[in-house]
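Residue numbers (this note's numbering), protein chains in the order written: chain A, 2 to 286; chain B, 3 to 316. One structure below.
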């Protein structure tokens with residue numbers, strides 16, 4: 002088992018990873034306290050203050066409807082977290098049980114892993130778009146669509162990890178001594194899955210940000226009234242030459258969030274048991 | 003031989019299951035499949051003809067087989083919007099998409115591999131850490147955001163390159179029309195080059211730990227020769243397989259890039275077809291992409307066997 006110290010160790014020796022962690026904490030704080038931090042109502046229209054460049058009154062400027070960009074960026078942290086937490090939860094809740102049972106019951110496992118192969122033969126963005134066509138636009142549907150994309154990698158990684166754990170001497174010993182499946186899973190498999198899956202979760206969280214931003218940008222993600230960073234870019238896209246600053250901050254927010262998650266995931270991955278480290282995959286293509 | 007057969011069979015099984023999913027795609031969209039495929043303005047005559055062509059009064063299993071037979075004979079149905087065969091619509095977008103993906107692959111190779119080798123050779127140094135950091139940053143930045151600012155700088159401000167569109171190289175302008183693809187390909191290449199860079203670096207470091215590398219060094223082979231002849235050659239095995247996946251993935255990743263640069267490729271066609279509710283086109287593109295992905299995947303698997311005789315049938 003691993004304690005809090007294990008998770009914090011890599012951040013003391015890697016300043017960049019520590020910065021990433023602090024940025025993520027800042028984002029969480031901004032999401033919770035958005036009404037207190039935002040200087041204006043994010044959806045307040047102000048026709049007299051349209052397309053203002055950054056200034057003392059509007060640090061990030063205003064958009065074509067006179068809405069304050071800083072306030073919208075702050076409120077955008079909320080959807081970023083909802084999408085990230087939603088996708089990670091979906092991928093874990095579906096992928097982990099499927100992976101663990103596939104490893105313990107090879108007969109079911111062969112079928113399940115074949116199904117995962119089939120899902121993986123669909124390129125990531127196309128799979129998500131196809132699901133959006135069936136489900137319709139919306140935040141929860143975007144979470145499901147991106148979640149299905151990442152349940153595949155999560156299931157495969159869990160399967161690979163559980164297979165290895167299954168052949169560990171202490172697990173074989175427990176089973177030959179008459180340990181039940183439920184006991185083996187709870188006592189030996191799940192505790193050892195926690196840290197590798199935490200690393201995987203931080204990467205999935207990062208990719209989910211980029212995938213959701215793409216859906217928003219294409220007009221197929223969150224509804225337009227929600228101030229998400231992707232929606233802000235989609236709405237102001239045609240104004241890139243007239244008001245170049247307008248797109249800078251929402252895009253930067255997406256980049257910084259994904260970058261921080263990748264930094265944290267990378268730092269934690271280097272902490273992992275080397276036998277498990279290589280199983281954590283890159284982005285699902 | 004049995005390896006080749008086994009891999010091919012596995013790909014065909016995957017394709018069979020994938021085709022079932024793609025077939026049901028139309029049925030999962032809310033509404034009568036006939037009107038999903040024909041649009042709201044279909045005439046009764048069209049409806050009747052399609053009903054008998056797709057065997058919609060037969061059990062779903064028969065419908066699937068009928069659809070499969072049509073697909074196998076190259077009939078992917080008709081586009082509601084264009085009122086012409088889906089195969090024709092896809093073929094019209096293919097030039098842009100294939101050229102965009104090919105040029106992007108050139109950037110990925112020219113940037114990702116050499117920089118990855120340099121990072122690995124300077125393993126642990128500030129240069130290595132800096133390059134790895136930049137790679138991770140590039141993989142974290144939304145491509146459409148980068149694309150929009152490239153348009154602003156190189157098209158709007160400097161006026162060096164066109165901001166959008168792509169006239170075919172077979173039309174007026176000829177090969178010079180490729181300049182329309184310069185910014186889009188760089189945009190698309192950035193995150194992918196970063197991934198190849200990281201993979202090349204990791205793969206080089208893995209191979210460098212092998213016993214035969216220690217042997218080569220102990221024999222007194224020049225360090226440069228060890229790096230290029232022994233380490234790089236073996237490290238590239240993993241990179242080659244990633245190239246295959248990357249090329250297939252680019253077709254789907256180009257959806258966003260083609261939209262930003264208004265390129266008449268398959269990626270933009272997907273988005274427009276979704277907005278137009280032109281479902282036959284979406285279904286056709288998904289099918290073509292999955293087949294392409296599986297073929298490339300299979301070729302990578304088979305070439306792997308040739309490149310690395312150690313690969314055994316699992």
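We treat Cβ as the ideally placed atom computed from N, Cα and C, and that holds for glycine.
DSSP, reduced to helix, strand and coil, places residue 69 of chain A within a strand of the structure shown. In the displayed model, residue 197 of chain A falls within a helix according to three-state DSSP. Residue contact check for residue 181 of chain A against chain B: no CB pair falls below 8 Å. Judged by DSSP in its simplified three-state form, residue 63 of chain A adopts strand. For residue 79 of chain B, the CB contacts under 8 Å within the same chain, skipping 5 residues up- and downstream, are 39, 72, 87, 88, 282, 285 and 286 in chain order.
Of the candidates A:19, A:233, A:201 and A:188, the residue whose Cα lies closest to the Cα of residue 218 of chain A is A:233. A distance below 6 Å between beta-carbons, with the five flanking residues on each side excluded, links residue 164 of chain B to the following residues of its chain, in chain order: 182. For residue 71 of chain A, the nearest beta carbon of chain B is not closer than 8 Å to its own beta carbon. Taken in chain order, the unbroken stretches of alpha helix (DSSP H) that lie wholly in the region 135-201 of chain A and span 4 residues or more are 140-167, 170-177 and 182-185.
The C-beta distance from residue 56 of chain B to residue 65 of chain B rounds to 6 Å, short enough to fall under 8 Å. Sequence-ordered contacts of the region 151-176 of chain B with chain A read 151, 153, 154 and 158 [C-beta pairs closer than 8 Å]. Residue-level contact by beta carbon holds for residue 296 of chain B and chain A, with a gap shorter than 8 Å. Contact with chain B is found for residue 218 of chain A, since one of that chain's Cβ atoms lies less than 8 Å from the residue's Cβ. Within the region 61-98 of chain B, the runs of alpha helix (DSSP H) that reach at least 4 residues and sit entirely inside it are, in chain order, 62-74.
Look at residue 260 of chain A here: in three-state DSSP terms it is helix.
Its chain contains 81, 82 and 83 as the residues whose beta carbon lies nearer than 7 Å to that of residue 280 of chain B, once the 5 sequence neighbours on both sides are disregarded; these appear in chain order.
Under the Cβ distance rule, residue 100 of chain B does not count among the residues neighbouring chain A, no pair being separated by less than 8 Å.
One thing to note: residue 155 of chain A has its Cβ within 8 Å of the Cβ of residue 96 of chain A. Residue A:222 holds the alpha-carbon nearest to the alpha-carbon of residue 141 of chain A among A:104, A:271 and A:222.
Pairing residue 251 of chain B with residue 147 of chain A, the inter-Cα distance amounts to about 16 Å. Within the same chain, 95, 98 and 168 come within 7 Å of residue 266 of chain B by CB-CB distance, once the 5 residues on both sides are set aside. Rounded to whole angstroms, the Cβ separation of residue 237 of chain A and residue 248 of chain A is 5 Å, and the two are in contact under 8 Å.
For the region 241-254 of chain B, the residues whose beta carbon sits under 8 Å from a beta carbon of chain A are, in order, 247, 248, 250, 251, 253 and 254. Counting only Cβ-Cβ distances below 7 Å, residue 68 of chain A has no contacts in chain B at all, with the closest Cβ about 19 Å away.
Counting C-beta atoms within 10 angstroms of its own C-beta, residue 59 of chain A has 16 or more neighbours from the protein chains shown and is therefore classed as buried. With respect to chain B, the C-beta atom of residue 135 of chain A has a partner C-beta closer than 8 Å. For residue 274 of chain A, the secondary structure class from DSSP, reduced to helix, strand or coil, is coil.
In the three-state reduction of the DSSP assignment, residue 173 of chain B falls in the coil class. Against residue 16 of chain B, the close residues of chain A are 115, 118, 119 and 122, in the order they occur along the chain (beta-carbon pairs closer than 8 Å). In the structure shown, residue 162 of chain B falls within a coil segment according to DSSP collapsed to helix, strand and coil.
Considering only A:205, A:216, A:191 and A:115, the residue with the shortest C-alpha distance to residue 259 of chain B is A:216. Listed along chain A, no residue sits closer than 9 Å to residue 128 of chain B by beta-carbon distance, the nearest being about 12 Å off.
Take the alpha-carbon of residue 238 of chain B and the one of residue 67 of chain A: they are about 53 Å apart. Note on the region 243-295 of chain B: whole alpha helix (DSSP H) runs with a minimum of 4 residues are 268-278, in chain order. Close partners of residue 142 of chain B in chain A (Cβ separation under 7 Å): 207, 256, 259, 260 and 263.
Per DSSP, the unbroken alpha helix (DSSP H) holding residue 8 of chain B starts and ends at 4-30.
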